[in-house]
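J.: Handing you a structure now.
Protein chains: 2
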Amino acid sequence: MNSISNLVDIYRLTNRKITPQRLAIFNVLDSNTDHPTAEEIYEQVKSQIGNVSLKTVYQTLNELESLNQIQIIDVGTGTSRYDPNVNQSHHHLVCQNCSKVKDIELDISGEMLKAFGQNSGEFKIDRVEVVIRGLCEVCLGKGSSKQSEL
Amino acid sequence: MNSISNLVDIYRLTNRKITPQRLAIFNVLDSNTDHPTAEEIYEQVKSQIGNVSLKTVYQTLNELESLNQIQIIDVGTGTSRYDPNVNQSHHHLVCQNCSKVKDIELDISGEMLKAFGQNSGEFKIDRVEVVIRGLCEVCLGKGSSKQSEL
DNA sequence: TAGCTAATTAACAATCATTGTTATAATATA
DNA sequence: TATATTATAACAATGATTGTTAATTAGCTA
Numbered sequence: 003m004n005s006i007s008n009l010v011d012i013y014r015l016t017n018r019k020i021t022p023q024r025l026a027i028f029n030v031l032d033s034n035t036d037h038p039t040a041e042e043i044y045e046q047v048k049s050q051i052g053n054v055s056l057k058t059v060y061q062t063l064n065e066l067e068s069l070n071q072i073q074i075i076d077v078g079t080g081t082s083r084y085d086p087n088v089n090q091s092h093h094h095l096v097c098q099n100c101s102k103v104k105d106i107e108l109d110i111s112g113e114m115l116k117a118f119g120q121n122s123g124e125f126k127i128d129r130v131e132v133v134i135r136g137l138c139e140v141c142l143g144k145g146s147s148k149q150s151e152l
Numbered sequence: 003m004n005s006i007s008n009l010v011d012i013y014r015l016t017n018r019k020i021t022p023q024r025l026a027i028f029n030v031l032d033s034n035t036d037h038p039t040a041e042e043i044y045e046q047v048k049s050q051i052g053n054v055s056l057k058t059v060y061q062t063l064n065e066l067e068s069l070n071q072i073q074i075i076d077v078g079t080g081t082s083r084y085d086p087n088v089n090q091s092h093h094h095l096v097c098q099n100c101s102k103v104k105d106i107e108l109d110i111s112g113e114m115l116k117a118f119g120q121n122s123g124e125f126k127i128d129r130v131e132v133v134i135r136g137l138c139e140v141c142l143g144k145g146s147s148k149q150s151e152l
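If you read the protein sequences in the order shown, they are chains A and B.
Per this note's numbering: the first sequence ends with 152, consecutive numbering throughout.
Per this note's numbering: the second sequence ends with 152, consecutive numbering throughout.
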């Protein structure tokens with residue numbers, strides 16, 4: 003994601019209005035590395051400006067994705083997560099216990115991509131996503147009993 | 003997934019009953035490489051034995067997963083797909099146009115796993131999933147306009 | 001082979017994440 | 001400041017999946 007002021011510019015240039023709701027959403031996303039869900043963003047925006055609807059949050063997030071300013075990631079935990087990191091190529095670690103997602107930088111290039119391409123037949127590769135599943139630091143420390151609180 | 007007769011054995015050994023519905027589901031999954039959705043399995047079972055409920059299909063599929071006989075894959079297309087291939091390690095090609103999923107054999111070992119582990123910090127890796135997104139052979143042939151029929 | 005009992009099924013409602021609809025409100029610009 | 005246009009909120013709706021419960025069936029045993 004670009005900085006907030008860049009986003010404002012992008013919004014102006016594309017004839018979108020700068021509303022308090024949108025600014026607050028930009029603000030929550032700015033430099034966020036937590037991969038929040040829409041619900042979590044909604045809660046944070048609410049605590050900043052008092053009122054938003056969940057619909058507005060979803061709308062704005064989808065908009066930001068089509069403007070290539072965020073990435074919507076779905077790693078099969080039942081809820082999409084929103085990642086403002088679109089500049090550096092990266093992949094994701096997913097905790098099988100608490101469902102939290104962390105970034106991991108992996109250089110999927112050269113050898114690997116070549117190997118992928120050789121096995122993919124007639125398929126035209128657009129991009130490669132690696133999801134690494136396991137246990138995060140926090141859940142490791144707690145044993146591995148199921149719990150869901152953060 | 004094991005062969006159907008093996009599944010029947012597993013079901014008997016775990017005090018589960020062999021019902022026509024379950025047998026038909028086993029039969030649909032047997033050697034299936036199409037990554038069908040629950041709905042698709044439901045349709046096929048219905049055409050075989052006349053009546054099932056979707057609930058029964060979901061139940062049996064979840065059961066088969068916890069018995070490690072199938073893999074539930076969720077590649078962010080909004081619907082889970084069911085893959086009886088649990089014996090060979092493999093990954094998935096996902097068509098961005100028609101959402102179909104194909105298997106791809108990739109050797110994620112040695113170098114790669116080492117690289118992954120080095121970047122993952124305190125995270126304890128259980129398994130690595132690679133999803134390659136792009137266009138399948140069929141959709142390539144059709145240009146890349148959105149269509150959803152198979 | 002009939003009867004018994006636990007397991008299974010089907011019908012239906014419920015859930016959760018996400019999207020559609022529409023009347024009202026707010027932004028940007030003249 | 002008025003006006004055109006876009007955005008918001010409230011609400012209903014959707015689609016995939018799961019919960020509930022009464023009725024049915026598989027498989028054991030007499």
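Ideal Cβ placement from N, Cα and C applies to all residues, glycine included.
1. Spell out whether any CB of chain B is found under 9 Å from the CB atom of V88 (chain A).
2. Would DSSP call E67 (chain A) helix, strand or coil?
3. Any C-beta of chain B within less than 8 Å: which residues of the stretch 115 to 147 of chain A qualify?
4. Is there a Cβ from chain A that is less than 9 Å from the Cβ of Q149 (chain B)?
5. For E41 (chain A), decide whether its Cβ has a neighbour in chain B, counting only Cβ atoms nearer than 9 Å.
6. Against Q98 (chain A), what residues of chain B qualify as contacts under a CB-to-CB distance less than 8 Å, listed in chain order?
7. Using CA atoms only, rank isn't needed, just tell me which of A:G136, A:T79, A:Y84 and A:N121 is closest to S70 (chain A).
8. Given a cut-off of 9 Å on the beta-carbon distance, is the pair G78 (chain B) and V77 (chain A) in contact?
9. Counting only the same chain and skipping the five closest in sequence on each side, list residues whose C-beta sits under 6 Å from that of K148 (chain A).
10. Would L95 (chain A) count as contacting chain B if we go by Cβ distances under 9 Å?
11. What does L108 (chain A) touch in chain B if you count any residue whose Cβ is under 8 Å from its own?
12. Taking the alpha carbon of C141 (chain A) as the point to measure from, which residue in A:L9, A:S68 and A:S101 has its own alpha carbon closest?
13. Buried or exposed for R129 (chain A), going by 16 or more other Cβ atoms inside 10 Å?
14. Return yes when the Cβ of G52 (chain B) is within less than 9 Å of the Cβ of V96 (chain B), no when it is not.
15. Checking 9 Å against the spacing of the C-beta atoms, do I110 (chain B) and G119 (chain B) come in under that value?
16. Apply the 10 Å Cβ neighbour rule to P22 (chain B) and answer buried if 16 or more other Cβ atoms are within range, or exposed otherwise.
17. Would you list, in chain order, the members of the stretch 58 to 77 of chain B that have their beta-carbon closer than 9 Å to a beta-carbon of chain A?
18. Whole angstroms is fine: what's the gap from G143 (chain B)'s alpha carbon to K48 (chain A)'s?
19. Just how far apart, CA to CA, sit L25 (chain A) and A117 (chain B)?
20. Beta-carbon separation of L108 (chain B) and H93 (chain B) under 9 Å?
21. Would you please state the rounded distance, in angstroms, between the beta carbons of T39 (chain A) and T81 (chain A)? I believe it to be under 8 Å.
22. Can the beta-carbon of E67 (chain A) be found closer than 9 Å to that of Q73 (chain A)?
23. Relative to the C-alpha of V132 (chain B), which residue among B:I43, B:D105, B:P86 and B:L56 is closest?
24. Going by CA-CA distance only, name the one from B:N121, B:V88 and B:E139 that's closest to H37 (chain B).
25. Where C138 (chain B) and N121 (chain A) are concerned, what is the direct C-alpha to C-alpha distance, given to the nearest angstrom?
26. What's the gap between the Cα of E41 (chain B) and the Cα of Q50 (chain B)?
27. Are the C-beta atoms of K104 (chain B) and some chain A residue less than 9 Å apart?
28. Would you kindly work out how many angstroms separate the C-alpha atoms of V103 (chain A) and M3 (chain B), rounded to a whole number?
29. On the DSSP letters alone, give me the boundaries of the alpha helix (DSSP H) that Q98 (chain A) sits inside.
T.: Let me lay it out:
1. Here residue 88 (chain A) corresponds to residue number 86 of the first sequence, with the count starting at 1. False, the Cβ-Cβ gap to chain B never drops below 9 Å.
2. As a first step, residue 67 (chain A) must be located in the first sequence, where it is residue number 65. Looking at E67 (chain A) - three-state DSSP - the assignment turns out to be helix.
3. A117, F118, N121, S122, G123, E124, F125, K126, I127, D128, R129, V130, E131, V132, V133, I134, R135, G136, L137, C138, E139 and L142
4. Against the second sequence, residue 149 (chain B) aligns to sequence position 147. Annotation note: pLDDT 46 at Q149 (chain B) (below 50); position unreliable, no value reported.
5. Locating residue 41 (chain A) in the first sequence gives position 39, where the first residue counts as 1. It does not: the Cβ of E41 (chain A) has no partner Cβ on chain B nearer than 9 Å.
6. On the first sequence, residue 98 (chain A) is found 96 positions in, with the first residue counted as 1. Residues of chain B passing the Cβ test: D128.
7. Position 68 of the first sequence, counting from 1, holds the residue named residue 70 (chain A). Per the sequence shown, the amino acid found at residue 70 (chain A) is Asn instead of Ser. Per the Cα distances, A:Y84.
8. Taking the first residue of the second sequence as 1, we reach residue 78 (chain B) at position 76. Taking the first residue of the first sequence as 1, we reach residue 77 (chain A) at position 75. Yes; because the gap between Cβ atoms is below 9 Å, this pair is in contact.
9. As a working mapping, residue 148 (chain A) is identified with position 146 in the first sequence. Because the pLDDT at K148 (chain A) is just 47, under 50, the model does not fix this residue reliably, and the point stays unresolved.
10. In the first sequence, the residue the question calls residue 95 (chain A) occupies position 93. By this cut-off, L95 (chain A) is an interface position.
11. Residue 108 (chain A) sits at position 106 when you count from the first residue of the first sequence. Near L108 (chain A) (Cβ distances below 8 Å), the residues of chain B are A117, F118 and N121.
12. Taking the first sequence and counting its residues from 1, one reaches residue 141 (chain A) at position 139. For the residues A:L9, A:S68 and A:S101, the minimum Cα distance to C141 (chain A) belongs to A:S101.
13. Within the first sequence, residue 129 (chain A) is the residue found at index 127, counting from 1. Exposed: under 16 other Cβ atoms inside 10 Å.
14. As a working mapping, residue 96 (chain B) is identified with position 94 in the second sequence. As a working mapping, residue 52 (chain B) is identified with position 50 in the second sequence. Going by C-beta atoms, V96 (chain B) is not nearer than 9 Å to G52 (chain B).
15. Along the second sequence, one-based indexing puts residue 110 (chain B) at 108. Along the second sequence, one-based indexing puts residue 119 (chain B) at 117. For I110 (chain B) and G119 (chain B), no; Cβs fall outside 9 Å.
16. Locating residue 22 (chain B) in the second sequence gives position 20, where the first residue counts as 1. Burial call: exposed.
17. I74, I75, D76 and V77
18. Position 141 of the second sequence, counted from the first residue, corresponds to residue 143 (chain B). Position 46 of the first sequence, counted from the first residue, corresponds to residue 48 (chain A). The alpha-carbon atoms of G143 (chain B) and K48 (chain A) are separated by roughly 48 Å.
19. Here residue 25 (chain A) is taken as the residue at index 23 of the first sequence, counted from 1. Here residue 117 (chain B) is taken as the residue at index 115 of the second sequence, counted from 1. So the alpha carbons of these two residues sit roughly 39 Å apart.
20. Sequence index remark: in the second sequence, residue 108 (chain B) carries index 106 (1-based). Sequence index remark: in the second sequence, residue 93 (chain B) carries index 91 (1-based). Taking 9 Å as the Cβ cut-off, L108 (chain B) and H93 (chain B) qualify as a contacting pair.
21. In the first sequence, residue 39 (chain A) corresponds to position 37, counting from 1. In the first sequence, residue 81 (chain A) corresponds to position 79, counting from 1. Between T81 (chain A) and T39 (chain A) the Cβ distance is about 5 Å, and since that is below 8 Å, they are a contact.
22. Here residue 67 (chain A) refers to the residue found at position 65 when the first sequence is read from its first residue. Here residue 73 (chain A) refers to the residue found at position 71 when the first sequence is read from its first residue. Their beta carbons are under 9 Å apart, which means E67 (chain A) touches Q73 (chain A) by this criterion.
23. Start at 1 with the first residue of the second sequence, and residue 132 (chain B) comes out as number 130. It is B:D105.
24. Position 35 of the second sequence, counted from the start, is the residue given in the question as residue 37 (chain B). Checking every option, the nearest Cα to that of H37 (chain B) belongs to B:V88.
25. Residue numbering aside, residue 138 (chain B) sits at position 136 when the second sequence is read from its first letter. Residue numbering aside, residue 121 (chain A) sits at position 119 when the first sequence is read from its first letter. Rounded to whole angstroms, C138 (chain B) to N121 (chain A) spans 13 Å at the Cα level.
26. On the second sequence, position 39 is the one that residue 41 (chain B) refers to. On the second sequence, position 48 is the one that residue 50 (chain B) refers to. Distance between the alpha carbons of E41 (chain B) and Q50 (chain B) is about 14 Å.
27. Sequence index remark: in the second sequence, residue 104 (chain B) carries index 102 (1-based). Output row for K104 (chain B): interface = yes.
28. Position 101 of the first sequence, counted from the first residue, corresponds to residue 103 (chain A). Position 1 of the second sequence, counted from the first residue, corresponds to residue 3 (chain B). About 30 Å.
29. Within the first sequence, the letter at position 96 stands for residue 98 (chain A). From DSSP, Q98 (chain A) is part of no alpha helix (DSSP H); its letter is neither H nor E.
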